[in-house]
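Engineer: Take a look at this one; I'll ask things after.
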Amino acid sequence: MVDAIGSVSNKPIVRSKDASINWEQCTAEEIKDYKGQGEDVPVAILAWAEEIAKLSNAPDDVTYEMVNGSTSIDEINQVFAISDSANANDKDETDSNTNMNQAQAERSILQEGGTTLSDQGKIFMDKSSAAANSSNAMSGVLPGVIEASASLADSADEIAKQTESQTSALKTEYDALVARAKDQNAEPLTEAEQARLSALGGQLAQAGNSAQGALASLSSQVDALKATVSGFSGVPEMAVEYGTETANIGLELMGVSDDKRASVADKATAAAGAKDGALNVIRQNSRINFIRMIVDPDYRLGIKASRQGGGDMDTGTAGITERNSAETQIDTDVSRINTAKMSVENDTYISAADTPNKSNGDKAQQSETKDETEAKEKDITLADSTITTDPNEIQKRKERKGLA
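If you read the sequence shown in UniProt numbering, its first letter stands for residue 1, the second for the next number, and so on.
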């Protein structure tokens with residue numbers, strides 16, 4: 001019919017020839033679409049597309065190029081299986097790269113950029129040295145932090161002891177009056193005894209607020225010390241990571257085998273430390289390559305890099321131990337201060353939550369509170385105007401905390 005139309009119009013049929021189409025990279029469906037649009041499809045490509053269209057289970061995205069023109073479903077599936085496996089391997093490699101530490105990632109970039117092994121060694125010796133210096137600086141700070149933390153905990157213990165000594169007799173008398181007031185079979189408290197009870201409550205509250213305020217200040221200080229130690233997270237680890245890469249580059253420069261390089265980090269070989277492990281390998285290798293050590297500057301650089309890297313690894317390892325020990329010590333001191341707070345609460349019925357941190361509180365308000373307390377002690381009729389000196393309220397607190 002098309003020919004007839006052409007003859008009627010007296011115009012020749014001109015098939016479209018789009019030179020930009022790469023037929024071998026088209027799917028069967030795309031080829032059929034192009035054919036429908038009047039494109040001049042190569043015979044072999046068109047025949048392949050028609051055969052693929054007849055296969056009910058052929059992948060939609062298969063192209064002529066992918067399967068080299070095959071129309072066998074088995075061969076097509078085999079090609080796709082191989083492709084899936086390659087993609088999985090690529091993913092594994094990507095995951096492996098993602099799991100690199102910072103030093104490994106930086107070296108990988110140098111390698112990909114074509115940096116020579118000797119230049120890698122020089123670069124990483126500088127990086128490793130800087131990381132080790134940071135770890136050493138941390139180690140210089142930690143003893144002072146630990147000492148300050150222990151001193152704060154000692155102060156907390158002393159506050160708790162002083163509070164107990166100051167309030168022991170008051171608390172005994174207060175508890176006895178409260179017990180009588182609650183005892184329905186006992187004689188009611190006289191006005192004088194009620195006044196005494198209120199006065200005792202005020203004295204206990206004053207002692208408790210003072211002690212808890214001081215302990216809150218100590219808590220803030222030890223928290224700041226803990227934050228200082230937390231700020232060193234990752235510092236000694238960098239010395240280990242950069243030291244490891246530096247030592248590896250050094251051993252590679254010396255031509256040391258993979259097995260021997262791995263042995264530097266092996267516990268049996270490096271039991272006395274990574275540096276000693278590296279030195280053992282260096283000595284063994286240098287005996288064999290004595291002449292090379294004399295004439296080859298890369299070999300000598302390798303000796304320096306592996307020795308330094310091993311030492312920096314040891315510096316980082318020691319730093320990790322020191323930092324972790326400091327964290328443990330400060331956690332112990334925090335627990336000591338919290339124990340002191342509980343002790344004060346047991347002695348005065350004033351908890352840490354009842355008292356603001358003196359270091360952060362408003363000084364004028366603190367002064368006003370102190371003046372009010374002193375006034376109440378002079379005039380016991382004012383004692384019942386606040387829950388901190390109300391014996392019933394304090395008794396409720398005791399009952400809630402299982403102290404009565």
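Just so you know, even glycine gets a beta-carbon here, dropped at the ideal spot from N, CA and C. Keep in mind it's a predicted model, so treat the numbers as computed, not measured.
For Thr-246, which residues of its own chain have a beta-carbon under 8 Å away from its beta-carbon, when the five flanking residues on both sides are left out?
Structural biologist: Result list for Thr-246: Gly-121, Phe-124, Met-125, Lys-127, Ser-128, Ala-305, Ser-306, Gln-308, Gly-309 and Asp-312, in chain order.
Engineer: As a quick exercise: from Asn-99, Asp-74, Arg-323 and Ala-199, pick the residue whose alpha carbon is nearest that of Ser-233.
Structural biologist: Taking only the C-alpha atoms, the option nearest Ser-233 is Arg-323.
Engineer: If you measure between the beta carbons of Ser-135 and Gly-316, is that distance less than 8 Å?
Structural biologist: Going by C-beta atoms, Ser-135 is nearer than 8 Å to Gly-316.
Engineer: Where does Ser-20 land, buried or exposed, given buried means 16+ other C-beta within 10 angstroms?
Structural biologist: Exposed.
Engineer: Roughly how many whole angstroms lie between the Cα atoms of Gln-212 and Ala-353?
Structural biologist: Near 9 Å, if we compare the C-alpha coordinates of Ala-353 and Gln-212.
Engineer: By how many angstroms is the C-alpha of Gln-102 removed from the C-alpha of Glu-164?
Structural biologist: Distance between the alpha carbons of Glu-164 and Gln-102 is about 54 Å.
Engineer: Between the Cα of Lys-226 and those of Glu-327, Ser-108, Ser-70 and Glu-30, spot the shortest distance and give me the residue it belongs to.
Structural biologist: Comparing Cα-Cα distances from Lys-226 to each of Glu-327, Ser-108, Ser-70 and Glu-30, the minimum goes to Glu-327.
Engineer: What is the residue span of the alpha helix (DSSP H) that Ile-123 lies within?
Structural biologist: 117-182 is the extent of the alpha helix (DSSP H) around Ile-123.
Engineer: Measuring straight from C-alpha to C-alpha, what distance separates Glu-252 and Ile-303?
Structural biologist: If you take the alpha carbons of Glu-252 and Ile-303, they lie about 10 Å apart.
Engineer: Give me whichever residues DSSP pairs with Thr-244 in a beta bridge.
Structural biologist: Answer is none; Thr-244 lacks a bridge partner.
Engineer: Over what stretch of residues does the alpha helix (DSSP H) that includes Gly-231 continue unbroken?
Structural biologist: Here Gly-231 belongs to no alpha helix (DSSP H), and DSSP marks it neither H nor E.
Engineer: Below 8 Å between beta carbons: does that hold for Val-222 and Asp-333?
Structural biologist: Contact: yes.
Engineer: Helix or strand or just coil, what does DSSP make of Thr-317?
Structural biologist: Three-state DSSP puts Thr-317 in a helix.
Engineer: How close, in whole Å, do the beta carbons of Ala-160 and Val-344 come, if the pair is a contact with beta carbons under 8 Å?
Structural biologist: Confirmed, Cβ separation roughly 6 Å.
Engineer: Find the nearest neighbour of Asp-347 within the set Thr-115, Trp-48 and Asp-175, judged by alpha-carbon distance.
Structural biologist: It is Asp-175 whose Cα lies nearest to the Cα of Asp-347.
Engineer: Under DSSP, the alpha helix (DSSP H) around Ser-70 begins and ends at which residues?
Structural biologist: From DSSP, Ser-70 is part of no alpha helix (DSSP H); its letter is neither H nor E.
Engineer: In whole angstroms, what separates the C-alpha of Tyr-349 from that of Gly-208?
Structural biologist: Spanning the two alpha carbons is a distance of roughly 7 Å.
Engineer: For Asn-248, count neighbouring Cβ atoms within 10 angstroms of its own Cβ and tell me buried if that reaches 16, exposed if not.
Structural biologist: That one is buried.
Engineer: In this structure, how does DSSP classify Thr-190 when only helix, strand and coil are distinguished?
Structural biologist: Note: Thr-190 maps to coil in three-state DSSP.
Engineer: Starting from Gln-102, follow the alpha helix (DSSP H) in both directions and report where the run begins and ends.
Structural biologist: From DSSP, the alpha helix (DSSP H) with Gln-102 extends over 102-112.
Engineer: Given that a residue counts as buried once 16 or more other Cβ atoms are within 10 Å of its Cβ, and exposed if not, what is Ala-156?
Structural biologist: So Ala-156 ends up on the buried side.
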